[in-house]
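J.: Just dropping this structure here.
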Amino acid sequence: MKSLIALTMALLCAAAGGAHAQPYPSRPVQLIVPYPAGGASDIMARAFAEKLAAGLGAQVIVDNRAGAGGNLAGSAAAKAAPDGYTLFFGAAGPLAVNPALYAKMPFDPAKDFAPIGLVGSMALFLTVPADLPVKSLPDLIALSKARPGALNYASSGVGGTTHLAMEWLKSQAGADITHVPYKGTAAGVADMVGGRIQVIFDAWPTTSPHVRAGKLRYLAVSTARRSALEPEVPTMTELGLSGFDLYVWYGLMAPAGTPAEIVQKLARLTAEITTKADLRERFASLGMEPLTGTPDRFAEHLRVETDKWARIVKLSGAKAE
């Protein structure tokens, strides 16, 4: 009799649990973005969030948490409940660059997150003033050697991708160009147009209006393949810098321990979203190209990128300020 009562109670509890269990998602999802509102990366994240919300049938709230090179956002996302209701719009900076740049990280990108899928990437363009007497990367390298210390390059700050890209270039080419860090590259580009800066490695949205106006010139693109945005611009590898392949990338992650079925659902949606024609057009307007892939591919991508950026940070000597 006791066993029958126990069995009945167990069945009732199971039924009650099933009645209260809700499919994912049953409430709004928070997407933590490591950049301030209004920039290209934020606009990209919001375009993705809009598609994700439509696919999930639930609101996706973008939460901008800029600061510490993305570490503030990464830490908040890593420490969130692993229930699928807090996601991280991760990027190369906080996930692959910062582990080598910061003496102490507030989270472990490889252990504290469950990769979901890559979303997009952004190449950097080696850019000079149109009136600088160089027409190619070899010309720029030769000029820097002929006039050591006379050329200045702008970056978004010490340890930023625009800084590290130039240091990698200098290391491979033996170029002599002085670093001038800015708080963001917009001011650096403005100073280049004004004649105070001679070189910058920067993204397409910031530089292309000035290239179109005839004030700046592209010499090379940082990726292994030519960019669809500027297909006539050669790659660094084409110009003799073997293995040069550098870009900013973005991907969706969840806190480690998030249920596998939620990760897989989000991974399927992410892969679908990045193939949508209207999103690809939106990304292109921001100077970005869509990426896609499985959680396993994203995990391998993170491992390879972390190793690569560690080497670049080491040769640059950069440390987080």
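Take 8 as the starting number for the sequence shown in the working numbering and just add one per residue.
Glycine residues also receive a C-beta, built at the ideal position from the N, C-alpha and C atoms.
All values derive from a computational prediction rather than experimental measurement.
Tell me the DSSP secondary structure of glutamine 37 in three-state form.
T.: strand
J.: Quick check on the DSSP output: what are the complete beta strand (DSSP E) runs of length 3 or more inside the stretch 162 to 207, in order along the chain?
T.: 185 to 188
J.: Pick out the complete beta strand (DSSP E) segments inside the stretch 57 to 129, 3 residues or longer, and give them in chain order.
T.: 67 to 71 and 93 to 98
J.: Please list the terminal residues of the continuous beta strand (DSSP E) segment that includes leucine 259.
T.: 254 to 262
J.: Roughly how many angstroms lie between the CA atoms of isoleucine 123 and serine 151, to the nearest whole one?
T.: 44 Å
J.: Excluding the five sequence neighbours on either side, which residues of its own chain have a C-beta within less than 7 Å of the C-beta of glycine 156, listed in chain order?
T.: Asp183 and Thr185
J.: Flag this pair as touching only if the stretch 191 to 200 and the stretch 262 to 278 have three or more C-beta atom pairs under 8 Å; answer yes or no.
T.: no
J.: Which of helix, strand or coil does DSSP assign to valine 228?
T.: Three-state DSSP puts valine 228 in a strand.
J.: Excluding the 5 residues flanking alanine 87 on each side, which residues of the same chain have their C-beta closer than 6 Å to its C-beta?
T.: Here the set comprises Thr93 and Pro262.
J.: Alpha carbons only, please: which of Tyr109, Ala110 and Ala121 is nearest the one belonging to phenylalanine 95?
T.: Ala121
J.: Look up proline 136 in the DSSP assignment and say whether it is helix, strand or coil.
T.: strand
J.: One question on the structure: do leucine 147 and valine 240 come within less than 8 Å of each other, judged by their Cβ atoms?
T.: no
J.: If you check the beta carbons only, do methionine 331 and alanine 231 fall under 8 Å apart?
T.: Within the shown structure, residues of the chain are numbered from 8 to 328, placing residue 331 beyond reach of any answer.
J.: With DSSP run on the structure shown, which of helix, strand or coil describes alanine 327?
T.: coil
J.: Have a look at proline 116 and arginine 304 and give me their C-alpha separation to the nearest angstrom.
T.: For proline 116 and arginine 304, the distance between alpha carbons rounds to 15 Å.
J.: Consult DSSP for threonine 244 and reduce its assignment to one of helix, strand or coil.
T.: coil
J.: Keeping to the same chain, check which residues put their C-beta closer than 6 Å to that of tryptophan 175; ignore five residues upstream and five downstream.
T.: Ile319
J.: In whole angstroms, give me the CA-to-CA distance for lysine 321 and glycine 64.
T.: 45 Å
J.: In three-state terms, what does DSSP make of leucine 144?
T.: Judged by DSSP in its simplified three-state form, leucine 144 adopts helix.
J.: Can you list, in chain order, the residues of its chain whose CB lies under 8 Å from that of proline 212, leaving out five sequence neighbours each side?
T.: Only Ala47, Leu293 and Gly294 meet the Cβ criterion.
J.: With H, G and I counted as helix, E and B as strand and the rest as coil, what does DSSP make of glutamate 296?
T.: Strand.
J.: Sort Tyr257, Ala235, Gly258 and Val228 by Cα distance to glutamate 245 and report the nearest one.
T.: Val228
J.: Would DSSP call alanine 291 helix, strand or coil?
T.: helix
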